[in-house]
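These notes are about the structure you will find just below.
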Ligand code: ADP
Ligand code: TRP
């Protein structure tokens with residue numbers, strides 16, 4: 013018996029430079045999963061319009077994220093990597109799903125409330141964001157959606173909408189996906205100890221270098237225990253970050269230095285800086301090489317877009333038919 017490969021899908025917003033929270037919370041798993049099935053990863057540029065109104069930046073972020081993924085090991089022969097906007101069927105399906113989505117379903121959206129609380133403008137795009145996300149997922153008949161815990165509710169909404177559509181039109185037109193919550197790291201803390209996030213200006217970039225990177229690492233907030241006193245590694249932000257990069261043995265060594273005293277947070281930060289450089293060093297060199305060949309990077313998006321569009325169109329054809337949506341071409 014042959015088992016069909018599962019379709020794995022995930023997206024990331026190009027709303028800023030990617031940081032190590034994005035890497036450990038999402039990108040690393042995307043790259044690891046590229047061989048586990050038929051993977052589709054995309055840059056959610058329509059989603060970013062809900063918070064970013066600067067075309068040049070949005071475009072540049074799209075190229076930058078593609079560079080980041082390629083440098084970190086995404087293989088376009090294994091995974092389909094593309095921009096959301098290269099698949100117009102997504103916005104077409106999103107409209108249809110929106111006609112079945114109760115307003116109250118959106119009103120319960122936690123991420124909408126969080127974003128408003130963080131100062132984003134309460135626009136309709138932000139309000140209906142989960143509908144577009146549902147279309148992103150459903151348009152490829154995705155089986156598995158690897159995302160962080162914060163996205164769980166959006167996947168639930170997607171499942172609900174797929175069910176509503178199938179019931180409304182009496183058939184299995186859309187496949188109900190499963191979430192795949194990435195549990196390998198909890199929340200990666202930022203330099204101020206809150207969740208690392210573009211919205212909090214507390215990020216450490218994946219591909220930082222030289223003085224700016226050093227300055228960022230040195231700015232990580234710690235308590236004021238004097239250098240000579242013993243310190244608790246388990247309550248310290250610097251150590252929480254060190255744990256992401258160091259193997260178990262190195263972690264234990266550093267933890268012992270914390271507990272022994274005579275080891276300051278400055279020492280720990282220098283250790284972290286060295287670990288970050290080592291961890292991303294090879295990828296940084298690869299990224300610099302790729303930057304010299306932006307045409308190749310654009311080709312990756314173009315090819316990925318083509319494949320994604322073909323899949324999306326095959327899902328959309330029966331849906332247009334059953335919904336009675338007329339097309340003269
Ligand atoms: P940001 O908060 O910087 O805007 P996003 O919300 O765009 O980041 O997140 C993109 C992906 O990265 C999501 O899958 C999210 O779960 C993951 N992610 C973002 N920040 C962190 C973090 N600090 N720790 C772990 N995962 C994170
Ligand atoms: N909302 C996701 C985030 O902020 C990005 C995203 C958009 C997404 N569409 C998706 C993730 C579809 C998974 C599947 O991280």
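Residue numbers (the working numbering): 13 to 341.
Note that the Cβ used here is the ideal one computed from N, Cα and C, for glycine as well.
Extent of the continuous alpha helix (DSSP H) to which residue i belongs
i, result
"residue 7", "Nothing can be reported for residue 7: it is not among the residues displayed for the chain, which extend from 13 to 341."
"residue 326", "306-335"
"residue 103", "101-110"
"residue 113", "Careful: residue 113 lies outside any alpha helix (DSSP H) and carries neither H nor E."
"residue 165", "164-181"
"residue 42", "40-44"
"residue 96", "Neither: residue 96 is in no alpha helix (DSSP H) and is coded neither H nor E."
"residue 271", "260-272"
"residue 66", "Note, residue 66: premise wrong, no alpha helix (DSSP H); not H, not E."
"residue 30", "Per DSSP, residue 30 belongs to no alpha helix (DSSP H) and is neither H nor E."
"residue 252", "249-257"
"residue 126", "122-129"
Where residue i sits in the DSSP three-state scheme
i, result
"residue 152", "coil"
"residue 347", "The requested residue 347 does not occur in the structure, where the chain is confined to residues 13 to 341."
"residue 86", "coil"
"residue 189", "coil"
"residue 21", "strand"
"residue 91", "strand"
"residue 207", "strand"
"residue 242", "coil"
"residue 217", "strand"
"residue 142", "helix"
"residue 224", "helix"
Boundaries of the beta strand (DSSP E) in which residue i is found, first to last residue
i, result
"residue 53", "50-55"
Inter-residue spacing [alpha-carbon to alpha-carbon] between residue i and residue j
i, j, result
"residue 74", "residue 239", "44 Å"
"residue 44", "residue 233", "32 Å"
"residue 339", "residue 86", "37 Å"
"residue 200", "residue 33", "5 Å"
"residue 313", "residue 94", "5 Å"
"residue 209", "residue 31", "8 Å"
"residue 70", "residue 270", "42 Å"
"residue 154", "residue 66", "31 Å"
"residue 57", "residue 42", "18 Å"
"residue 231", "residue 219", "17 Å"
"residue 63", "residue 72", "16 Å"
"residue 68", "residue 226", "28 Å"
"residue 282", "residue 80", "25 Å"
"residue 130", "residue 223", "30 Å"
"residue 328", "residue 106", "11 Å"
"residue 261", "residue 246", "16 Å"
"residue 265", "residue 40", "26 Å"
"residue 183", "residue 171", "15 Å"
"residue 128", "residue 168", "21 Å"
"residue 60", "residue 25", "6 Å"
"residue 217", "residue 194", "21 Å"
"residue 299", "residue 159", "25 Å"
"residue 214", "residue 77", "19 Å"
"residue 289", "residue 277", "18 Å"
"residue 198", "residue 256", "10 Å"
"residue 136", "residue 166", "16 Å"
"residue 263", "residue 254", "7 Å"
"residue 252", "residue 27", "26 Å"
"residue 90", "residue 235", "45 Å"
"residue 284", "residue 36", "15 Å"
"residue 118", "residue 248", "38 Å"
"residue 221", "residue 292", "10 Å"
Contacts around residue i, its chain only, beta-carbon distance under 6 Å, and the 5 residues preceding and following it disregarded
i, result
"residue 324", "99, 101 and 151"
"residue 20", "45, 49, 51 and 156"
"residue 29", "217"
Beta-carbon contacts of residue i that lie in its chain and below 8 Å, excluding the five residues immediately before and after
i, result
"residue 212", "202, 204 and 206"
"residue 174", "146, 150, 186, 187, 188 and 189"
"residue 162", "123"
"residue 302", "79, 82, 83, 308 and 309"
Assumed close pair residue i, residue j - CB separation to whole angstroms, cut-off 8 Å
i, j, result
"residue 157", "residue 192", "6 Å"
"residue 258", "residue 287", "6 Å"
"residue 316", "residue 103", "Not quite, the Cβ-Cβ distance comes to about 18 Å (not below 8 Å), so this is no contact."
"residue 273", "residue 244", "In fact, because the Cβ distance is near 11 Å, the residues do not count as touching under 8 Å."
"residue 142", "residue 110", "Not a contact, Cβ separation roughly 10 Å."
"residue 96", "residue 54", "5 Å"
"residue 23", "residue 148", "6 Å"
7 Å CB neighbourhood of residue i in its chain, flanking five on each side removed
i, result
"residue 332", "339"
"residue 84", "39, 43 and 295"
"residue 116", "none"
"residue 17", "49 and 50"
"residue 177", "109, 112, 185 and 186"
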